[in-house]
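Residue numbers (the numbering used here), protein chains in the order written: chain A, 1 to 148; chain B, 149 to 401.
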C-alpha cells in the first residue's frame, strides 16, 4: 500500500518535473526567477555555447553580441551578453531564456520555452514543441552563467 | 501627488515621440547600392515582372478583348490615384477588394475567361504592372466607414504573436525599425514598394506572399494568399503607410 502510494507520488512528480517527448517541461516562475532546473536536467556550458551561436537552434547571435572569439555580431535588438552571468542569478537567466515576456510583455525575444497553450497557429512541423528543449535551455543557461 | 502628475506627462511624451518618428519607406533603410538598383530603370530586377504583366495586359482574353482595349496599350487610361487607394470597399460585395482581386474580377467579368488564381504568377504580374503605373503616387487607403472594421481586424492581426517563435509583426516593425537582426536592418514593414523584388529569394512578392514568408519564419501556419485575414492585414499594412509614395517594383532584402 505504502509502496503503491510512493510509486504514484513518484510518477506524479516526474510528470511535473520531467520533460515530455517533445522536450517540454512545465515550469513555474517565482518572482523574476525560475529557481529549479527545467525537468531536473543538468546543463552543459560547452553545448550551450554551441546552441547560442547556431542559427538553427538558439541563434542568440541574430540579436545579441556574444563574447565569442571570431563571431561577428549580426544584430543589436537585444543587449550584449558579455558579463551577463555576473549581473543575473541563474534563476533569472533561466526565466529570460524561457519566457522573456515575464520581464517585458512587449518583448521581441522569442519564447524559447513558453507554455505551448499560449502559442497561436504554430506550423505543423513545430506544433506541440518548444523552440528549445528543457535540456537545451539548461545548456544555454549553464553557458550564460559562465559569462562573468 | 507628484507621481500621478508625472504619469500622464510620460504617456504624452511617448505619444509625441511616436508621431514625430513618422512613416518611413523600406527604401530609407536600404544600403546605397540596393537603392541604386531599385532606381535603375534598366537594372531593377522587378521590372521583368512589370514586363510580364504588360504582355498579359495586352493579350486578348477568351472573348478577344484585352485589358489594353479599355485601359490603353500601356494602361494610360487607368486612374493612378485610384490605384493608390487599394484595397477599397466594394459596395456590391460588402468587403474590401485588393488591387489584385480587382484585376481578377475585371478579367473574369470583361474577358469571360476562367478566373486567374489569386496566388498565381499571372495575377501577381498584372498587379505589379498596374501598381507600377502609380509609381510616385501617395498611398491613400480609406479607413473610415465600412473599412473601419477591416482596418481594425488587420491591426489586431498585426499585433498578434504567431507561431513557435511567438512574435507579432508589431514587435519588430513598430518597436525595432532601424535596429539590426541577422545582419539586416529591420524596416517598418511598409508596403509601398510591393510587389517588390526580394534579394533574399530572388523573386517578386506581393503583400500576401510577403506575409506568408514572414509567418513561415515565425514557424507559424500562414493564412492563404487571398484569404480574408490577409486582405484585412493588407488593408491595415497599406493604410499604415498612407502618404508614402508607391515604389513598385521596390527592391528589398
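Backbone N, C-alpha and C fix where the C-beta goes; we use that ideal spot for every residue, glycine too.
Computed from a predicted model, the values in this text were never measured in an experiment.
Exercise. Looking at the structure shown, is residue 96 of chain A part of a helix, part of a strand, or coil, going by DSSP?
Worked result: helix
Exercise. Using the C-alpha atoms, what's the distance from residue 343 of chain B back to residue 252 of chain B?
Worked result: 16 Å
For this session: Would you check if the distance between the CB atom of residue 171 of chain B and the CB atom of residue 337 of chain B is smaller than 8 Å?
Result: no
For this session: Could you tell me the distance, in whole angstroms, from the CA atom of residue 276 of chain B to the CA atom of residue 18 of chain A?
Result: 53 Å
Problem set entry | Test: residue 149 of chain A CB closer than 8 Å to a CB of chain B | Chain A is shown from 1 up to 148; residue 149 of chain A falls before or after that span and cannot be answered.
For this session: With 8 Å as the threshold, decide whether the Cβ of residue 372 of chain B is near any Cβ in chain A.
Result: no
Problem set entry | Contact with chain B by residue 120 of chain A, beta-carbon distance below 8 Å | yes
Exercise. Between which two residues does the beta strand (DSSP E) containing residue 344 of chain B stretch?
Worked result: 344-346
Problem set entry | beta strand (DSSP E) runs contained entirely in the segment 203-265 of chain B, provided each spans 3 or more residues | 236-238, 243-245
Problem set entry | Any C-beta of chain A under 8 Å from that of residue 145 of chain B | In the structure as shown, chain B begins at 149 and stops at 401. Residue 145 of chain B is therefore absent and cannot be evaluated.
For this session: Report back the beta-carbon spacing between residue 289 of chain B and residue 387 of chain B to the nearest angstrom; my notes put them in contact at under 8 Å.
Result: 4 Å
Exercise. Of all the options A:45, A:42, A:84, which has the alpha carbon lying nearest to the alpha carbon of residue 64 of chain A?
Worked result: A:84
For this session: Take every Cβ of the segment 135-146 of chain A, pair it with every Cβ of the segment 35-47 of chain A, and state whether three or more of those distances are shorter than 8 Å.
Result: yes
Exercise. So is residue 142 of chain A in contact with chain B if we call contact Cβ pairs under 8 Å?
Worked result: no
Exercise. Who are the neighbours of residue 90 of chain A on chain B, taking C-beta pairs under 8 Å?
Worked result: Going along chain B, no residue has its Cβ under 8 Å from residue 90 of chain A, so there is no contact; the nearest lies around 24 Å.
Problem set entry | Through-space distance from residue 86 of chain A to residue 148 of chain A, alpha-carbon basis | 5 Å
Exercise. First and last residue of the alpha helix (DSSP H) that includes residue 138 of chain A?
Worked result: 134-145
For this session: Consult DSSP for residue 129 of chain A and reduce its assignment to one of helix, strand or coil.
Result: coil
Problem set entry | For residue 361 of chain B and residue 353 of chain B, believed in contact at Cβ under 8 Å, the rounded distance | 7 Å
Exercise. Quick one: any contact between the segment 207-222 of chain B and the segment 359-374 of chain B, if contact means 3 or more CB pairs under 8 Å?
Worked result: no
Problem set entry | residue 351 of chain B, enclosing beta strand (DSSP E) - first and last residue | 351-353
Exercise. Tell me, which residues are paired with residue 398 of chain B by DSSP?
Worked result: B:344
For this session: Take the Cβ of residue 21 of chain A as the centre, count every other Cβ of all protein chains shown within 10 Å, and call the residue buried at 16 or more, exposed below.
Result: exposed
For this session: Identify which residue in A:121, A:137, A:146, A:50 has its Cα closest to the Cα of residue 313 of chain B.
Result: A:121
Exercise. Does any heavy atom of the ligand ZN sit closer than 7 Å to the C-beta of residue 289 of chain B?
Worked result: Inclusion of the ligand ZN in the displayed structure is not the case, the ligand content being empty and no account of it being possible.
Problem set entry | Other residues of its chain near residue 316 of chain B: CB distance less than 6 Å, five sequence neighbours each side excluded | 307, 308, 309
Exercise. So which residues on chain A does residue 329 of chain B lean against when the C-beta distance must stay under 9 Å?
Worked result: 62, 63, 74, 75, 76, 77, 108
Exercise. Which residue's Cα is closest to the Cα of residue 108 of chain A: B:204, B:320, B:266, B:272?
Worked result: B:320
Exercise. Thinking C-alpha only, which one of A:60, A:45, A:30 is nearest residue 112 of chain A?
Worked result: A:60
For this session: Have a look at residue 293 of chain B and residue 244 of chain B and give me their C-alpha separation to the nearest angstrom.
Result: 12 Å
Exercise. Can you find a CB in chain A that lies within less than 8 Å of the CB of residue 308 of chain B?
Worked result: yes
Exercise. Looking only at DSSP bridge pairs, what is residue 333 of chain B linked to?
Worked result: B:328
Exercise. Taking a cut of 7 Å between CB atoms, which residues from the segment 311-327 of chain B lie near chain A?
Worked result: 311, 312, 313, 314, 315, 319, 320, 323, 324, 327
Problem set entry | Paired residues, beta bridge with residue 47 of chain A - DSSP | DSSP lists no partner for residue 47 of chain A.
Exercise. At which residue ranges does the segment 277-310 of chain B contain complete alpha helix (DSSP H) runs of 4 or more residues, listed in the order of the chain?
Worked result: 296-306
Problem set entry | Unbroken alpha helix (DSSP H) run spanning residue 384 of chain B, endpoints | 376-388
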